[in-house]
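Structure first, commentary second.
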Amino acid sequence: MYFTDDDSEIKPGKAVSKNFASGADFDRVEFYLTGYRDKQ
Numbered sequence: 771m772y773f774t775d776d777d778s779e780i781k782p783g784k785a786v787s788k789n790f791a792s793g794a795d796f797d798r799v800e801f802y803l804t805g806y807r808d809k810q
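Numbered according to this note's numbering, the sequence shown spans residues 771 to 810.
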């Protein structure tokens with residue numbers, strides 16, 4: 771799943787949120803975030 775806005779970005783000072791649902795029970799959930807910055 772990607773966390774972006776409608777322009778496929780997360781703009782400075784803005785936030786993006788997502789909800790996930792699963793039919794399974796979990797003991798633990800881990801979330802890893804990676805990103806990159808375009809050279810301009």
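By construction, the Cβ of each residue, glycine as well, lies at the ideal position given by its N, Cα and C atoms.
Contact check, residue i vs residue j, beta carbons under 7 Å
i	j	result
phenylalanine 801	valine 786	no
From the options, residue whose alpha carbon lies closest to that of residue i
i	options	result
lysine 784	Ala794, Arg798 and Asp776	Asp776
lysine 788	Ala794, Ile780 and Asp795	Ile780
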